[in-house]
Each structure stands twice: as structure tokens, then as C-alpha cells.
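Below you'll find the structure, written out as C-alpha cells, and then a few comments.
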Amino acid sequence: MNLDQIELREIQMPLVSFFETSFGRTTQRRIILVRVFSEGVVGFGEATSPEGPFYNHESTGTAWHVLKDFVIPRVLRAAIGKPEDVAPLLKPIRGHSMAKAAVETAIWDVHARRLGVPLHQVLGGTRLAIDCGVSIGIQNTVADLLRKIERELSAGYQRIKIKIKPGWDVDVVREVRKQFPKIVLMCDANSAYTLGDAELFRRLDEFGLLMIEQPLAWNDIIDHAQLQAAIQTPICLDESILDAEEGRKAIGLGACRIINIKLGRVGGHADAKRLHDICQEHAVSVWCGGMLEAGIGRAHNIAMSTQSNFRLPGDVSASKRYFERDIIDPEVEVDSHGRIHALNEAGIGFQPNMSRIEEVTVRTEMLRRTD
Ligand code: OSB
Ligand code: MG
Numbered sequence: 052m053n054l055d056q057i058e059l060r061e062i063q064m065p066l067v068s069f070f071e072t073s074f075g076r077t078t079q080r081r082i083i084l085v086r087v088f089s090e091g092v093v094g095f096g097e098a099t100s101p102e103g104p105f106y107n108h109e110s111t112g113t114a115w116h117v118l119k120d121f122v123i124p125r126v127l128r129a130a131i132g133k134p135e136d137v138a139p140l141l142k143p144i145r146g147h148s149m150a151k152a153a154v155e156t157a158i159w160d161v162h163a164r165r166l167g168v169p170l171h172q173v174l175g176g177t178r179l180a181i182d183c184g185v186s187i188g189i190q191n192t193v194a195d196l197l198r199k200i201e202r203e204l205s206a207g208y209q210r211i212k213i214k215i216k217p218g219w220d221v222d223v224v225r226e227v228r229k230q231f232p233k234i235v236l237m238c239d240a241n242s243a244y245t246l247g248d249a250e251l252f253r254r255l256d257e258f259g260l261l262m263i264e265q266p267l268a269w270n271d272i273i274d275h276a277q278l279q280a281a282i283q284t285p286i287c288l289d290e291s292i293l294d295a296e297e298g299r300k301a302i303g304l305g306a307c308r309i310i311n312i313k314l315g316r317v318g319g320h321a322d323a324k325r326l327h328d329i330c331q332e333h334a335v336s337v338w339c340g341g342m343l344e345a346g347i348g349r350a351h352n353i354a355m356s357t358q359s360n361f362r363l364p365g366d367v368s369a370s371k372r373y374f375e376r377d378i379i380d381p382e383v384e385v386d387s388h389g390r391i392h393a394l395n396e397a398g399i400g401f402q403p404n405m406s407r408i409e410e411v412t413v414r415t416e417m418l419r420r421t422d
């Protein structure tokens, strides 16, 4: 497939309500979109990098720089036979997986559109109804949190994830459990604790959580293995798993029993699939994480989530939970059983709404093949 030109575009959209984790509060998203033009076919990708380098090393600004100066020149120069060629081509660029994934996923979209088949089908997906949960950030008060949980449960979501941090943890989980004794509940610490807090995690065991996500450092799997041996609740790793090999090692060490897969964190569809397959071989279930994506990233997450080992409800939820108006048509909706239905259209299926995208664009740049 010949790539003719690639467009970079930054859009800015406010979130309908703030989203707070142990590393900070987000109110406004700055998102980079990638448009790949190839022999009359156009494919779309989204960089899932957050505004600042607090979840991982990347930010909207670094993603723009690395895409413009390294990733895009490299793919425009190369001969790409198939989408699987993209990740190896980008391997010499260390890290910056979210920047790489923006282009890699767009090329999968081009490929599927050219074939005229849905991307989920190209990826080998079989689950066309995707089970959804929601991730609810840290709130100003426990009463606010209980109200939000109530609202998401009545919308049909199958699983509630709450964010924890020191000072907003055991007591909050206890309150939520008291109010909602039966719900499928989990928490995500975003690396806010150390092994010295093992006793706190032992206390969480009594609340029957589905899992505890990323309790310890983003760059650790050793201490996580010790913590997992000391508690009953399954540990799920997010930040720590940057590729399929790290997943294999973490499983081998006993550092987790579940893995959250994010397309951006692992560099795109090919690597996400590899991690998915390795987990499946080890009977470790996976689920699709979220990065407060706009519609294009959300559509790629949906395509990925159709693969067979996505056995647990993910964090991919309805567009309207994030934005007044999303950038795709139709917007992502969730049915009353908390499921998103994959569309039977070519590529990512959901169509980018170019006039909406223009409205929220703050900068664009077109990079062309030079030969
Ligand atoms: O750790 O899963 C996370 C959002 C931003 C950064 C990290 C995380 C999250 C979420 C939100 O939990 C998931 C979503 O609703 O997109
Ligand atoms: Mg997480």
C-alpha cells in the first residue's frame, strides 16, 4: 500500500465533567488525529496521549513532535506491504507508543476500508456485542460518587470502576459497597501506592472487588508479584505492561491475574493482538482500557474489543459521557444491558464527522511523500 500523505490535526474539546485520577484532574482534552491518504482511500487514527506526562511519558505535545519529526517521515519513506509491517518499522523509535499507534491504527483502518470489510473482522474479532463498564474518577465528595454510580448503573453499565489514591481508598470503597452490595466493582490506583501499603490492600480483600488495577509503580512488576502473593483480589496491570513481552513476564512472575490492554500504550493493533494472544495462552483474561478518547480512538477500541479473550467488561463507554458532541457518526451508544454493538461497516465503521472535526481543530499540518 502506497501512502501519499498524512495529515496531523490537534483538536480541543472540554469534557462534560472533570475526570480525576491519583495523578491529576483533566477538564479539557487536547487530542491529535491522524488521517492517512493512500491511493484514494483515507484511514483515521487518534493519539491517546494525555495532556501531560503523568500517566506515561507522553503528552499531546510530545506526540505531535514525535509524529511529525520521526514517525510520519519514516512511514512515508517506507514500502508498507501490510499493516503488520508498521510496528517493526517504528521499533527503532524507543517508547512513544501512543504516537506510533495513532499512525499504525490509521493504516489498519485504510487496509480494512480498501478491503471493504469491518476492521473488527480483519482483526479476527468474534464478539460483536461488547460488554461495557465505566471508570469513575475521584469526586469532591463520597455523596457525589454514589450519585454517579447510581446513574451509570441505571444506564445499564455492567461494572463500576472507581479511582483510588491515598486518602480516598478503603473508606470510600466501604461506603460504595454498603450502598451497592451486589455490583461488580473494582478500583484503579494509577500507581499511587508502594509495597509498604500491602496491609491496606489486604483490607480491600473483604469487599469482593473484581480486581485492583495498577496499585504500585508504573515501571514495576517485581513488587506487584509480591503484593499479588499477599492478597486475594486479582491484580490487573495497566501502566506496567508496555508490550506483549512485558505481559508474558508479568504473568510468569505472578505480578497480575488480569491485563488491561490499551491500544496506545502498546503501540497499536498488531501489538495489542500479540498481547491478547499471549494472555489467552496463559488463561489470563483481558479487557479494553480507555484514555478519555474521542470517537476515532473509541471506534478503534471497539474493533479491538471484539477479539475473543476480551472476556471482562472494558472502560469503553458512550460518547456522551465524555463530550457534548463527539467527532463521529453515529456517536458511540450503549444499550440497556451495557453493551456496545460493533458496526458492520468498512474500517472503523463509525464515520468521522469532518465538519464537527473542523469546528474543534486548533492546528493542522500535512506531510507528503517526497519521492
Ligand atoms: O488508568 O485507566 C486508566 C483515563 C486516563 C488515564 C488513565 C486511565 C483512565 C481511565 C478512564 O480510567 C477510562 C475512560 O473512561 O476512557
Ligand atoms: Mg488504569
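Start counting at 1 in the sequence shown, then tack on 51, and there's your number in the working numbering.
Cβ atoms here follow ideal geometry from the backbone N, Cα and C, with glycine treated the same way.
Since the model is a prediction, treat every value here as computed from it, not as a measurement.
Could you spell out where the alpha helix (DSSP H) holding residue i opens and where it closes?
i: R164; result: 148-166
i: L140; result: 137-141
i: R202; result: 193-206
i: V227; result: 221-230
Can we count residue i as close to ligand 2, meaning its CB is less than 6 Å from some heavy atom?
i: E264; result: yes
i: D271; result: no
i: D289; result: yes
Examine ligand 1 and report whether any of its heavy atoms sits within less than 6 Å of the Cβ of residue i.
i: Q241; result: Here residue 241 turns out to be Asn, not Gln, going by the sequence shown. Within the cutoff, so yes.
i: Y208; result: no
i: D136; result: no
i: L343; result: yes
i: S186; result: yes
i: D182; result: no
i: D377; result: no
i: D366; result: yes
i: G75; result: no
i: Y106; result: yes
i: G346; result: no
i: G340; result: yes
Can you give me the C-alpha to C-alpha distance between residue i and residue j, rounded to a whole angstrom?
i: R419; j: E226; result: 56 Å
i: D202; j: R210; result: Reading off the sequence, residue 202 comes out as Arg, not Asp. So the two alpha carbons sit approximately 12 Å from each other.
i: D120; j: S242; result: 31 Å
i: V85; j: N311; result: 24 Å
i: S368; j: C339; result: 11 Å
i: R316; j: P169; result: 23 Å
i: L260; j: L196; result: 17 Å
i: S148; j: R407; result: 27 Å
i: L255; j: V122; result: 43 Å
i: A129; j: E416; result: 20 Å
i: Y106; j: M237; result: 19 Å
i: V199; j: I187; result: Inspection of the sequence shows that residue 199 is occupied by Lys rather than by Val. Using only the alpha carbons, I get a separation of about 8 Å.
i: P134; j: N191; result: 44 Å
i: I282; j: L288; result: 15 Å
Which residues bound the beta strand (DSSP E) around residue i?
i: T412; result: 412-419
i: V67; result: 56-72
i: V173; result: Counting along the chain, V173 falls outside any beta strand (DSSP E), though it belongs to the alpha helix (DSSP H) covering 170-173.
i: G184; result: 184-187
i: D239; result: 236-239
i: K212; result: 210-214
i: R390; result: 390-392
Checklist entry - How do the region 98-116 and the region 167-181 stand: do at least 3 beta-carbon pairs fall below 8 Å, yes or no? => result no
Checklist entry - Is the region 294-301 touching the region 130-143, taking contact as three or more C-beta pairs under 8 Å? => result no
Next on the checklist: Restricting to runs no shorter than 4 residues, where is the alpha helix (DSSP H) found entirely within the region 305-376?
Outcome noted: 314-317, 320-332, 346-356
Checklist entry - So does the region 355-369 actually touch the region 397-408, counting three or more Cβ pairs closer than 8 Å? => result no
Item to check | Given 8 Å, three or more beta-carbon pairs between the region 248-261 and the region 275-292 | outcome: yes
Checklist entry - Any chance the region 73-88 sits against the region 144-154, with 3 or more Cβ pairs inside 8 Å? => result yes
Checklist entry - Taking only runs of the alpha helix (DSSP H) that begin and end inside the region 75-144, which ones reach a length of at least 4 residues, in chain order? => result 111-117, 123-128, 137-141
Item to check | Cβ pair count under 8 Å reaching 3, the region 385-393 against the region 205-220 | outcome: yes
Next on the checklist: Which runs of the beta strand (DSSP E) at least 3 residues long sit entirely within the region 248-314? Give them in chain order.
Outcome noted: 286-288, 309-312
Next on the checklist: Three Cβ pairs or more, each shorter than 8 Å: is that satisfied between the region 372-379 and the region 320-333?
Outcome noted: no
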